[in-house]
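Q:
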Amino acid sequence: MISVEDVRVDGLKAVGLKVELPESPPLVLVIAKRGFLMCGYMNRETAGKLRTPVAVVTGVSTVEEALRAEVEWVNEAAEERGIRVGMTGAEAVKLMF
14 MISVEDVRVD GLKAVGLKVE LPESPPLVLV IAKRGFLMCG YMNRETAGKL
64 RTPVAVVTGV STVEEALRAE VEWVNEAAEE RGIRVGMTGA EAVKLMF
């Protein structure tokens with residue numbers, strides 16, 4: 014099952030994506046205009062090479078949990094936009110617009 018939802022972060026519109034996986038926690042993404050928030054399933058090494066801002070949260074099962082979770086990792090492009098480890102997913106997404 015794949016669910017897609019509109020997400021509002023301080024009036025900014027993003028897209029939330031949740032993919033149910035067999036016998037596993039779901040894959041969760043929040044996609045903003047200039048970057049994305051991803052769960053721990055995504056490959057950090059690959060994301061580190063992207064020029065697109067990427068922030069990682071872990072232990073989440075829903076888009077709302079991803080927005081409330083603490084960012085645990087960011088790539089260089091995210092750092093350049095002011096996104097930092099320790100901020101919430103929602104704070105990171107706001108800086109991706």
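Going letter by letter, the sequence shown gives residues 14 to 110 in this note's numbering. Where is the CB? At the ideal position from N, CA and C, for every residue including glycine.
1) Could you tell me the distance, in whole angstroms, from the CA atom of V69 to the CA atom of L50?
2) From M55, S16 and A45, pick the residue whose C-alpha is nearest to that of L80; which is it?
3) Any idea what DSSP makes of A27, helix, strand or coil?
4) By how many angstroms is the C-alpha of P35 removed from the C-alpha of R47?
5) What is the rounded straight-line gap between the Cα of G61 and the Cα of E78?
6) Where does E94 sit, in a helix, a strand or coil, going by DSSP?
A: So, from the data block:
1) 6 Å
2) A45
3) strand
4) 30 Å
5) 23 Å
6) At residue 94 the sequence reads Arg, which differs from the Glu that was named. Reduced to three states, the DSSP call for R94 is coil.
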